[in-house]
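For what it's worth, this note's numbering labels the leading residue of the sequence shown as 97, then goes sequentially. Backbone N, C-alpha and C fix where the C-beta goes; we use that ideal spot for every residue, glycine too. Just so it is clear, the structure is predicted and the values come from calculations on it, not from any experiment.
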Amino acid sequence: MSEKTSAGRSEISTLGEFGLIDRIRKEFSLNNPSSKLGIGDDAAVIESGNEIILLSKDIFIEGIHFDLGYMPLQHLGYKVIATNVSDIAAMNGKPTQVVIGIALSNRFSVEAVDTIYHGIKMACENYKVDLVGGDTTSSPFGLVISVSIVGTAANEKISYRSGAKENDIICVTGDLGGAYMGLQILEREKEVFKTNPSMQPDLEKYEYVVGRQLKPDARMDIIYELSEAGVVPTSMIDISDGLASELLHLSKSSGVGMKVFEDKIPIDNQTFETAMEFNLDPITCALNGGEDYELLFTVRQSDLEKIKKHPDIHFIGHVHSNPLQNVMVSKAGTVVPIKAQGWDHFASDVQ
Ligand code: ADP
Ligand code: MG
Numbered sequence: 097m098s099e100k101t102s103a104g105r106s107e108i109s110t111l112g113e114f115g116l117i118d119r120i121r122k123e124f125s126l127n128n129p130s131s132k133l134g135i136g137d138d139a140a141v142i143e144s145g146n147e148i149i150l151l152s153k154d155i156f157i158e159g160i161h162f163d164l165g166y167m168p169l170q171h172l173g174y175k176v177i178a179t180n181v182s183d184i185a186a187m188n189g190k191p192t193q194v195v196i197g198i199a200l201s202n203r204f205s206v207e208a209v210d211t212i213y214h215g216i217k218m219a220c221e222n223y224k225v226d227l228v229g230g231d232t233t234s235s236p237f238g239l240v241i242s243v244s245i246v247g248t249a250a251n252e253k254i255s256y257r258s259g260a261k262e263n264d265i266i267c268v269t270g271d272l273g274g275a276y277m278g279l280q281i282l283e284r285e286k287e288v289f290k291t292n293p294s295m296q297p298d299l300e301k302y303e304y305v306v307g308r309q310l311k312p313d314a315r316m317d318i319i320y321e322l323s324e325a326g327v328v329p330t331s332m333i334d335i336s337d338g339l340a341s342e343l344l345h346l347s348k349s350s351g352v353g354m355k356v357f358e359d360k361i362p363i364d365n366q367t368f369e370t371a372m373e374f375n376l377d378p379i380t381c382a383l384n385g386g387e388d389y390e391l392l393f394t395v396r397q398s399d400l401e402k403i404k405k406h407p408d409i410h411f412i413g414h415v416h417s418n419p420l421q422n423v424m425v426s427k428a429g430t431v432v433p434i435k436a437q438g439w440d441h442f443a444s445d446v447q
């Protein structure tokens, strides 16, 4: 039950984002036979004749998801597509179409819109996605972009969050925590600029982490490579909210437990150094920092050989039978429970 204030209304922050989604989900059932999977995975699964359609949506609100003080409009355009493609990748699918809703305040010029759409076009070309429609309207303040994406997958190749089995190997692509550290740098430079506008930010030293925040790419390359290797992950999710949160999603959906090893979790040197500079524990940034858009997936032990030599897939642990035990074995050998902090846009400090 959610907490009620004296006026009898419940604050959304008492439920959080996932609690709210659960509450909505409970009220709706799937009635069309073509609706194979509804709320609860990275994309919905819809049957259309012999084909499977994947459908997903993400909204981006100025001031919540991006700050135009440091996010160039072209990068924003690219990012809203890349993050949606990432959800299709997380189903082991291929993206095909997007529709885009955009709401603009009068602060934005035609040229600004051109720049956003230039970024959108670059991403559409890169991921081979067609922009097929959308909606345009005004906004009382700021910029809102909402993207819906469609993709396809062969029925037997879809990777759900729910398919992880005991003894599967837990895999993660790329490296983690970088996007979060990039955000810390950009926020810091913004504060410096506010107090002294003549200061030019020196971002060269932080190029990689800042790039991870401003120019994320969906790991479609991995999806194609897994397909070539003949590997279908038993479960998969993209890392948008941090490794810890996504591990718990796989655990909950699959009814199994996750055991990972701290020394196996991939962290780039620059992420590590920047975290130290901010007096943050790099592993905490990898576990709880958001927006890396890497893939977290599980494979059968018998498939390990086929991807063992892949330079950008890391094997960080294994699946066991107890869904209540999600743990990380630290470098010192202690076993610590995995807790999700993640990104909660309804946290009580957000109005
Ligand atoms: P992701 O981070 O992969 O984009 P989310 O955490 O946003 O996924 O959403 C989890 C699941 O809940 C998805 O299946 C999504 O479609 C569904 N969902 C999110 N918000 C809503 C909503 N307002 N109404 C119905 N379903 C929702
Ligand atoms: Mg996702």
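Three-state secondary structure (DSSP) of residue i
i      : result
Asp231 : strand
Ser98  : Note that Ser98 scores a pLDDT of 49, beneath 50, so its modelled location is shaky and nothing firm can be said.
Leu420 : coil
Phe162 : strand
Leu126 : coil
Gln447 : In this prediction, Gln447 scores a pLDDT of 35, lower than 50, which makes its location untrustworthy; no coordinate-derived value is stated.
His171 : helix
Gln193 : strand
Asp140 : Per the sequence shown, the amino acid found at residue 140 is Ala instead of Asp. Residue state, collapsed to three classes: strand.
Val181 : helix
Val425 : strand
Ser109 : helix
Thr269 : strand
His414 : strand
Leu344 : helix
Leu376 : coil
Ala325 : helix
Ile212 : helix
Val352 : coil
Leu116 : helix
Val225 : coil
Met187 : coil
Ile448 : As shown, the chain starts at 97 and ends at 447. That puts residue 448 outside it, with no answer to give.
Asp359 : helix
Phe156 : strand
CA nearest to the CA of residue i, picked from the options
i      : options                           : result
Val243 : Ile157, Pro312 and Met295         : Ile157
Thr248 : Asp231, Lys311 and Ser152         : Ser152
Asn128 : Val209, Gly165, Val327 and Ser144 : Ser144
Gly136 : Ile117, Asp364 and Ser125         : Ile117
Val415 : Thr394, Asp408, Pro407 and Ser398 : Thr394
Val306 : Arg121, Ile379 and Thr367         : Thr367
His287 : Asp154, Ala314, Asp163 and Ala436 : In the sequence as presented, His is not what sits at residue 287; that position holds Glu. Nearest of Asp154, Ala314, Asp163 and Ala436 to Glu287, Cα basis: Asp163.
Ala199 : Thr192, Ala208 and Gln193         : Ala208
Leu282 : Asp317, Ile409, Gly165 and Ile363 : Gly165
Ala314 : Pro293, Tyr256, Asp388 and Phe374 : Asp388
Thr380 : Arg308, Pro362 and Leu392         : Pro362
Ile409 : Gly353, Val327 and Lys348         : Val327
Ala436 : Phe289, Asn292, Asn375 and Asp337 : Asp337
Arg257 : Thr110, Ser109, Lys311 and Thr330 : Thr330
Leu169 : Met218, Thr370 and Glu373         : Met218
Thr192 : Lys175, Glu107 and Tyr223         : Tyr223
Leu391 : Phe374, Phe411 and Leu172         : Phe411
His171 : Phe124, Arg308, Ile108 and Arg284 : Arg308
Leu346 : Gly112, Glu107, His406 and Ile434 : Ile434
Ser130 : Arg121, Glu123 and Ala140         : Ala140
Tyr317 : Gly270, Thr291, Phe124 and Lys348 : Reading the sequence as shown, one finds Asp at residue 317 and not Tyr. For the residues Gly270, Thr291, Phe124 and Lys348, the minimum Cα distance to Asp317 belongs to Gly270.
Pro312 : Asn146, Glu123, Arg396 and Gly173 : Gly173
Assumed close pair residue i, residue j - CB separation to whole angstroms, cut-off 8 angstroms
i      : j      : result
Cys220 : Ile265 : Contact flag wrong, Cβ pair sits at about 34 angstroms.
Ile254 : Met187 : 6 angstroms
Ser398 : Ala260 : Rounded, the Cβ-Cβ distance is 15 angstroms, inconsistent with contact.
Val225 : Val194 : 5 angstroms
Leu383 : Leu339 : 5 angstroms
Gly413 : Gly273 : About 17 angstroms separates the two Cβ atoms, so there is no contact after all.
Asn263 : Gly353 : That belief does not hold up - the Cβ atoms of Asn263 and Gly353 are roughly 11 angstroms apart, past 8 angstroms.
Ala250 : Ile148 : 7 angstroms
Ile160 : Ile196 : In fact, because the Cβ distance is near 18 angstroms, the residues do not count as touching under 8 angstroms.
Asp334 : Asp138 : 6 angstroms
Ala371 : Asp377 : 7 angstroms
Pro297 : Glu285 : 4 angstroms
Leu111 : Arg119 : 6 angstroms
Three-pair Cβ contact test at 8 angstroms for the segment 347-360 versus the segment 422-431: Yes, since at least three Cβ pairs between the segment 347-360 and the segment 422-431 fall closer than 8 angstroms, the two stretches touch.
Is there contact between the segment 312-327 and the segment 396-411, where contact requires at least three CB pairs shorter than 8 angstroms? Here the segment 312-327 makes contact with the segment 396-411; the two share three or more CB pairs at distances below 8 angstroms.
Determine contact between the segment 181-188 and the segment 200-213, defined as no fewer than three beta-carbon pairs at a distance below 8 angstroms. No, because fewer than three Cβ pairs between the segment 181-188 and the segment 200-213 fall closer than 8 angstroms, the two stretches do not touch.
When the Cβ atoms of the segment 194-210 are set against those of the segment 232-249, are three or more pairs found closer than 8 angstroms? Proximity of the segment 194-210 to the segment 232-249 meets the contact definition, three or more beta-carbon pairs being nearer than 8 angstroms.
Jot down the residue ranges of each uninterrupted alpha helix (DSSP H) in the segment 280-323, minimum 4 residues, whole runs only, in chain order. The segment 280-323 contains these whole alpha helix (DSSP H) runs: 303-310.
contact_flag[the segment 298-312, the segment 427-436] where n(CB pairs < 8 angstroms) is 3 or more: No, because fewer than three Cβ pairs between the segment 298-312 and the segment 427-436 fall closer than 8 angstroms, the two stretches do not touch.
Check whether the segment 261-280 touches the segment 220-231, counting contact only when three or more Cβ pairs, one atom from each stretch, lie closer than 8 angstroms. Output reads no: the segment 220-231 does not touch the segment 261-280.
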